[in-house]
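Enquirer:
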Amino acid sequence: MLNFEEELAKFKPSRDIDQVEDTIVNRDITDVTDIMVEFLKEQYEQDVRE
1 MLNFEEELAK FKPSRDIDQV EDTIVNRDIT DVTDIMVEFL KEQYEQDVRE
């Protein structure tokens, strides 16, 4: 059987993963949620003007 506590104690994260994570976090990436928020803001502003 695996001893999870022992395996966790031996775990060392890869430096490559840390670098990729930093790159992803530091990028300004527009996702579907950002697009929907912008769309809804525009719709709301348009409705308020009418």
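At position 16 of the sequence shown (counting the first as 1) the number is 16 in our numbering, and the numbers step up by one without a gap. Every residue, glycine too, gets a C-beta built ideally from N, C-alpha and C.
Distance, Cα to Cα, E38 vs I24?
Expert: Mapped onto the sequence shown, residue 38 falls at position 38. Mapped onto the sequence shown, residue 24 falls at position 24. If I take the Cα positions, the gap works out to 22 Å.
Enquirer: Using the Cα positions of K41 and E50, report the straight-line distance between them to the nearest angstrom.
Expert: To locate residue 41, count along the sequence shown from 1; it is residue 41. To locate residue 50, count along the sequence shown from 1; it is residue 50. Roughly 14 Å between the two C-alpha positions.
Enquirer: Within its chain, find whatever has a CB closer than 7 Å to the CB of F4; leave out the 5 residues flanking it on each side and keep chain order.
Expert: Mapped onto the sequence shown, residue 4 falls at position 4. None.
Enquirer: Output the distance between the C-alpha atoms of K12 and I35, rounded to the nearest integer angstrom.
Expert: If you number the sequence shown from 1, residue 12 lands on position 12. If you number the sequence shown from 1, residue 35 lands on position 35. Approximately 37 Å, taken between the alpha carbons.
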